Amino acid sequence: MTTTASLSDGTAPATLVAESPALPAQPVPREGALAGVRDAVGLLVRRAAAAARAHRTGVVLVLALAIGAGLLHGLNFDGWPGRVNEDEGTYAAQAFAIERWGQISHYSYWYDHPFGGWLFIASYTTLTQAFDRTATAVTAAREAMLWVHVASCVLLYMLSRRLGMRRFFAALAVVLFSVSPLAIWYQRMAFLDNISTLWVLAALVCVASPDRSVGAATRAGIFMAFAFWSKETSLVLLPGVYLLLWQNRDHRNWRFARRNFLGFLSGIAGIYILYAVTKNELFEGEGHVSLWWAVKWQLFDRTPSGSVLDPDSGTRGIADLWLGMDPYLLGVGAVSAVVLLVAVRRFRAVAFLLLMQIVFMARNGYMPYAYVTSMLPFAAICAAGLLDVVAPSRGIRPLVVLGARNPGRRRVVPKAPSWLTGAIPAQRGRPDPSRPELSRPELSRPELSRPELSRPELSRPELSRPELGGSGSSGSGPSGPDSRTAADGGGPVGGCRRVGFWVRAAAVACVLALGVLTIPPRWAPLLHDAITEDAGAPSREATQWFIDHYERGQIVITDDNIWTDLVVAGMDPVPVWFYKLDLDPAVRRTVPNGWSDIDYVILGDLTPTTLETLPTVAEAIEHSEVVASFGDGEVMIRKVIPPTCTDQTPRGARCTAPAAGG
Amino acid sequence: MHVDHEIPPSSPPQPRSSPPEPATSGGADSRDADSRRADSGRAALPRPARHRLRPRPRVWLLFAALGLVIVWAAIRLGPTGFVVAAWSAVSLIMFIVAALTLSRTQFAWQRPERVDHVDLTDQESPQVPISLIVPARDEPVLGRTLQQILAGEYPHELMQILVVVSEDEIDRETREIAQSYADRYPCVEVIAPRGDRRSKPISLEDARPYCRGDLIGVVDAESLIAAGLLGHVNTIAVRHPDVGIIQGGVQLMNIRAARKPDGASGDDPAGDPAGDPAGDPAGDPAGDPAGDPAGGSAGDPAEPQPRGRRGRRGRSGRSGPKALIARFLTWCNEGTSWWRVRNCLEYYVWFMSRLRFQAQARLIPLGGNTVFVRRDVLTALGGWDATALTEDCDLGIRSSARGVRTLVFYHPALTTREETPESLQKLVVQRSRWMLGFIQVLLKGDWRDLPTLRQRLLAIEMLAMPFFQALAGLLLPTSLVLIFVLRAPVVLVLLYWLPLGIAVMLVVAEQAAFGEFRRSYRLRSTWLDSVRLVIGAPFYQLVLSAAALRATVRLLRGQLEWEKTTHLGAHHVVPTPRDPGSRDRDLAPRGLEGVS
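Taken in order, these protein sequences are the chains called X and U. Mapped onto my numbering, the consecutive letters of the first sequence carry residue numbers 521 to 1182. Mapped onto my numbering, the consecutive letters of the second sequence carry residue numbers 24 to 619.
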């Protein structure tokens, strides 16, 4: 490369010095496209391996917990609980409609819930061909729930750790969350709440991220939006999630973090409204469903179940059902939550999330059957978290969680030195020479592009082992504000000397011993049922019986638990979900003669109030006889007997059939 | 970002047989010789050594395959289906580009510890000799700039300030200012090469042989550098010997309208980066030579940006509603300043975040100002490309391809301060020149020599941004039309909305950046500025799209008459009659030859 510069003049001898460290000796070899892809994959693998090495103990522990939880929840997941709630079948049917028919719902979609939840189930069943494999459609959906639970366990552990809990107590939280019969009962069922709780946990894990990066806040917002898409009621939890985000903020990028969180959340959740707009179904109108009507119905018109404080209300009944299955997890969790909410900063958001939901039950609103699902993880964390707070540690634990290392703006000393005139706010706040990262400018250096290396280690609670803590009282960090954390966040740090190591140890030991003595006897029978009982048999057998006995062209009314199985079995015409017979005009048109067009009804006993709203179904049942009964009347197959066949010439052929059959 | 000079094509290599006259001289006698040599060097100015442009049949294969796919899809799907499918693909690409832009906008704040990367308390003692090149062209504010540099904290004996002015009538005043400083300060030298066609890269190339410092810095004649800037650059140069290029921050500061009544052209003390308010021909089809076949007609490709026509109408003395409209348009162009805050914020995000990302990704389009290159690195790279419209971007790409590390720092106390262009029209002109420069660099193809695949993809993303920006302006209206005319399925409608969603998130992120910007500079601003920022977003995007469309159209026409485009700085040029045919051949950038 000859240029004028090299020729110019001899006045600058340095010109000819070619060996500059800034100049690579020779041009970097050009890498091909395939090599580039390979390198990128290799980098990802190396990063994952490095992360796994850094958290070796944790990974092993989580793996063990996940396998244990998977076994406990996976054994006999179809048999217990039985088909006690028809919603399971509805979601399975809707997932089936997405997978096989490419529709959002098996009947017209009326904005009952956002369809993300059964889209999730449908993607699982599509990927694994679950509807073809499993005994019933509900089984397929429950299989997806098994994985949801395993993932929730992992996320719960991560969240506990990020809240500064020690491994033992984090594992304890996972055990409580997974082993409680109440949890097994609800988490095995194919409910949208399980999916939305999974996303809320994922959002919380991101929100509590030690990196406090904008990306983490963005992911949290996306996951909260997914939670909304799975079940819209999860937005109730938003204040708690935001509280944790706020607690864990770093004021240097807080503007960006909060805007990304809220922006992505509202943006992705807003697609739901946009969907309604593009289908012209946002507002009520003639001849179509609408989002507005659905929301109005959910919020105002739906029959309320009463307050939990009212002993005769439906809400109270549901609560009694929960406490009957397991009083410990919710009870201990709630009590701990009260303590933690008041006393311990790092658990405040989680405690708030639990208590808020409990308080919500006192209002006179509609209480969904699976409402408890989203309380369980927080109850588990609160119960184990209180123990973690009380439990002593051998050294001083540097509790650097939830942004406590960063001074709030109010702590900033306004008297900035002269060199800081016009400085970026954070620098005004805290000139900290002990962190060389601050003074390192952005280098175009490949190793610096790896975030692990440019990250200050102290901000990772995983790395702050108890053994590493110093003996001094300021061992929690180099700067003042951390002592505040130690005082209100980590009881162990400040209180360890005062209360005494052994008192704390004895207290925790007592609680643990008490728990071990009292809880297993109460849980054991239910857990035994959970692993052995086959309560799903009646529904399954009824389906099988009917598939063996039906004739082509017969019209059948079923519940949703069976509906999908009959469709999978190839019934023609497609069976009718009993709700839609009366409520969906499109379905009404398929039975012009009302109940007399119906051949079979496969249902359990319906409550009189339900039958009042479904006159056609009620009539059909009235004019029917039970031809087969399963599970002691849990599922009955009825044959409808038409009133008279004489007047109806076109239907003469049909009315002889039941006569011959009957 | 790029800088002030309107850049005409490099002058044709005219053999300059007449003995070069030393135009002006600095204090010492040796500088006479310097200037003389400069002139001779100028006469024989070689093209900078560039990477060869490899012919890559594979690329054409790719295009051929793409064309085949399109044809196949058109046949297979039918007209309606094809339009829907094509627009879905476009939306998807725009979504990806917008999402990447969003993440890059927030790069500096992604991690808290990344935000404050400059420690002003911890500095090395001055030890690196620094040469500053100040290319000046008709800049009455030069004195202020030199004063600012000299008043800085860096010792004069380690500084060499090379002012490049040209030896002609236009620059007389500037030259005199420079000379007066050269007389007073030994570290100031004046280089006054001859040549009737001046541009920033040519000036830089003229000055390069005289640089004695280990670092060569570029400072624009109208920008104010910070007192501590050179000290910090010195610190970086000492501590990071492996860094070849150091890029400092440049910041536009006037978020509101500048109140200055005089509309005189170059005397603007605010330092308009566009440099030439007196009717830039590129932005004003009316000012184009009559020979321009399409100029001003209805089919004018500059149609999306009607500012040119506005100007003409404003000048015509008609009365009635037309005059009212004309006045309104003139007001839109000159009287409004809603876009200034957005322009300032753009600089803030670019230098604080985007460039730092690019440095980390090792693919950087340098800024044309406050950039410091080690001399040996610059020599090895062959200096600036005198034919480039955006020589800074070109140098950045070449240095990245060579594997040179760049370090970008941004600190409010160290930024070089400038002001926004005078009018909206000038903004469009400036933008379309940059965009054209980027496209020029893209077509030149040096980026193909970048070592890794990721870098090459990033280069495409960055250099093709003008196309994406042009597309962005079309995206929303087209999507709306398609939604209502074609009755696309719901999933596709949502897909069409996705880029818009990211655009909204960009506005949200900009609000955060604006908050940081305000705090950093202790700007007095009200919520009105934020509102203006939000409401102005779509309009600013339209302005950018107009500029991009203009650049694209000029590019397409430029294959026929590239020369016209490069007339951008024509009013600086003392017109001399010459054979246009020979010039065309000479002026066509090499990259274009390879592509067209």
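The beta carbon of each residue, even a glycine, is placed where N, CA and C say it ideally should be. Note that the structure is a prediction, hence the values are computed from the model and not measured.
Under the three-state reduction of DSSP, E1071 (chain X) is assigned to coil, being neither helix nor strand. Looking only at X:G588, X:A882 and X:Q1074, the smallest Cα-Cα distance to V1111 (chain X) is reached by X:Q1074. Among the residues facing chain U, T1133 (chain X) is not included, as its CB has no counterpart in that chain under 9 Å away. Of the other Cβ atoms in all chains shown, 16 or more fall within 10 Å of the Cβ of T893 (chain X); this residue is therefore buried. In this structure, X:T738 is the residue among X:T738, X:D1092 and X:P541 with its C-alpha nearest to the C-alpha of M528 (chain U). The Cβ atoms of I462 (chain U) and W470 (chain U) do not sit closer than 9 Å to each other.
9 Å or more divides the Cβ of S154 (chain U) from the Cβ of I200 (chain U).
Interface flag for L476 (chain U) against chain X is set, since a Cβ pair is found closer than 9 Å. As summarised for the region 193-270 of chain U, the continuous alpha helix (DSSP H) elements at least 4 residues long and confined to that stretch are 195-207, 223-230 and 252-262, given in chain order. As computed with DSSP, H808 (chain X) is found in a beta bridge with X:G805. Within the same chain, Cβ atoms closer than 7 Å to the Cβ of A1106 (chain X) are found at S628, the five residues on either side in sequence being excluded. For Y886 (chain X), there is no enclosing beta strand (DSSP E), as DSSP marks it with neither H nor E. The region 502-511 of chain U makes contact with the region 93-110 of chain U: 3 or more CB pairs, one atom from each, lie closer than 8 Å.
For I483 (chain U), the enclosing alpha helix (DSSP H) stretches over residues L476 to L486.
Pairing W132 (chain U) with A424 (chain U), the inter-Cα distance amounts to about 27 Å. Contact of D265 (chain U) with chain X is assigned, a C-beta pair being separated by under 9 Å. Considered as a whole, the region 614-668 of chain X harbours 636-648 and 650-653 as its complete alpha helix (DSSP H) runs of no fewer than 4 residues, in chain order. For the options U:G90, U:V464, U:I156 and U:D472, the alpha carbon positioned closest to that of M488 (chain U) is the one of U:V464. Here DSSP, grouped into helix, strand and coil, assigns I715 (chain X) to helix. If you compare the alpha carbons of X:M685, X:Y631, X:H633 and X:E619 with that of I641 (chain X), the shortest gap goes to X:E619. Between the alpha carbons of L1047 (chain X) and I704 (chain X) lies a distance of about 9 Å. The way I'd put it, the region 348-367 of chain U doesn't touch the region 385-405 of chain U; fewer than three beta-carbon pairs between them come closer than 8 Å. Residues of the region 727-739 of chain X that bring their beta carbon within less than 7 Å of a beta carbon in chain U comprise D731, R732, S733, V734 and G735, in sequence order. Neighbours of E551 (chain X) in chain U, taken as residues at a C-beta separation under 8 Å, are given in chain order as P474, T475 and L476.
By alpha-carbon distance to D552 (chain U), the top candidate from U:T475, U:L473, U:L515 and U:S360 is U:S360.
Counting along the chain, the unbroken beta strand (DSSP E) around R428 (chain U) starts and ends at R428 to V431.
Interface residue (Cβ-Cβ distance to chain U less than 9 Å): Y706 (chain X) is not classified as such. When beta bridges are read from the DSSP output, K345 (chain U) appears opposite no residue.
For L529 (chain U), the uninterrupted alpha helix (DSSP H) segment begins and ends at V513 to Y544. Using beta-carbon distances, G787 (chain X) counts as an interface residue toward chain U, with a partner under 9 Å.
In terms of CA proximity to T438 (chain U), U:I248 leads the group U:I248, U:A121, U:Y177 and U:I225. Residue contact with chain X for W83 (chain U): absent (no Cβ-Cβ distance below 9 Å to any residue of chain X). A Cβ-Cβ contact shorter than 9 Å links I715 (chain X) with G637 (chain X). In the three-state reduction of the DSSP assignment, M1156 (chain X) falls in the strand class. When 8 Å is used as the limit between beta carbons, M528 (chain U) is near these residues of chain X: N780, G783, F784 and G787, in chain order. One thing to note: V668 (chain X) has its Cβ no nearer than 9 Å to the Cβ of G609 (chain X).
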